[in-house]
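K.L.:
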C-alpha cells in the first residue's frame, strides 16, 4: 500500500508543480500596429504574460510575414506556433497596421509591457512613451536589461543593421498590483495576524521593496508604527522574537528514532528559524541550537 502511495505521489508531483506556476499566455489581437519592418515575427506582434526568456526567443524565431504582409489567417498562425506550449488566444484573422514612423510607439509599449509581464502576469501595467530617437531605422531592437521598476525610465534602442543609429526611449511606467495592506494601524512590536491584513490593488512605485504576499507577513512583528491602509515594505517588519536572553527552554538532540531532551538557558534572543546560543544547565557548556517554537530549540 505504501509503495502504491509513493508511486502516485511521484506521478502527480510534476502536475502539482505545474499547477502552482502561472501558465504562459500568448495573445494575438485581430489588428495590431507595428513598425514598418522588413521581417515581422511573432515576438513583434504578440501580447504575452508569464512567458520565459526561452519562449521569447522562440517567438523571435517565428516569421509571420515581410514588409508586404498585411494579414495572416488563424490556420497559418496555428501551424507556425505548433511547437510552443502555452495558452494561445488567436483571432480568425490578424491584420498588421504599419506605423507611419520607423519606430511604432504602440509596439514599444507592447514589448516593454510583455517584458514586465514575464514575472508579473497579474499586474496592470500602463506605459506612456514621451520620446523616441528620430535616427533609428525600422529594424530596431530594445535593450530591456535595465531597471524597469522605476516610474521614469530610459531604455536603450538601436538599429540592428546599423548599430551606430541608436538612442534612448524615454517613458513612464505605472504598475498596479494586488498587494497586502493593513486593515488597521499597528504599533511597533505588534504581531501581524491574518485578521489584520487584506489584499488591494495599488500603484507600486518601488516593487522591489514592497511585500507581495500575505504569507511573507504572518507572524512577523511591526518594526515601527504603521498606518491602516498602508502597503508594507520589508523594512517595516521583523521576525517575532520568541526567545529572550535568560529564558529557560527545552533543548532536543538526536533524530526521530533516538532523541534526548535537556533543560537549557537562552544566551541570546532569537526568532523561529534562527540559530542561537544556549547553555546546557547540567554541563554548563554553551552550544548552538535552532529555534523550533516558543520554548523549544534543537541542538545543531
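In the numbering used here, the protein residues as written are 11 to 310. By construction, the Cβ of each residue, glycine as well, lies at the ideal position given by its N, Cα and C atoms.
Give me the Cβ distance between residue 252 and residue 281, rounded to the nearest whole Å; I'm assuming they're in contact under 8 Å.
P.N.:
At roughly 6 Å, the Cβ-Cβ gap stays under 8 Å, so residue 252 and residue 281 are in contact.
K.L.:
With the cut-off set at 8 Å, would you say residue 229 and residue 192 are in Cβ contact?
P.N.:
No, Cβ-Cβ distance for residue 229 and residue 192 is not below 8 Å.
K.L.:
What are the partner residues of residue 169, as DSSP defines its beta bridges?
P.N.:
Bridge partners of residue 169: 150.
K.L.:
What does the Cβ neighbour count give for residue 48, buried or exposed, with the cut at 16 atoms within 10 Å?
P.N.:
Under this definition residue 48 is an exposed residue.
K.L.:
What did DSSP end up calling residue 68 once you bin it into helix, strand or coil?
P.N.:
Three-state DSSP puts residue 68 in a helix.
K.L.:
Since residue 37 sits in a beta bridge, which residues does DSSP pair it with?
P.N.:
Per DSSP, 57 and 99.
K.L.:
Keeping to the same chain, check which residues put their C-beta closer than 6 Å to that of residue 231; ignore five residues upstream and five downstream.
P.N.:
Answer for residue 231: 199, 201, 248 and 250, listed in chain order.
K.L.:
What is the residue span of the alpha helix (DSSP H) that residue 86 lies within?
P.N.:
Here the alpha helix (DSSP H) through residue 86 covers 84-90.
K.L.:
What number of angstroms, rounded off, separates the C-alpha of residue 69 from the C-alpha of residue 110?
P.N.:
If I take the Cα positions, the gap works out to 25 Å.
K.L.:
CA-CA distance, residue 217 and residue 184?
P.N.:
Approximately 11 Å between the Cα atoms of the pair.
K.L.:
Report all residues from its chain with a CB closer than 8 Å to the CB of residue 194; omit the five preceding and five following residues, and keep chain order.
P.N.:
206 and 238.
K.L.:
I'd like to know if the segment 58-77 and the segment 136-147 are in contact, where contact means that at least 3 CB-CB pairs between them fall below 8 Å.
P.N.:
The answer is no - the segment 136-147 does not touch the segment 58-77, with fewer than three Cβ pairs under 8 Å.
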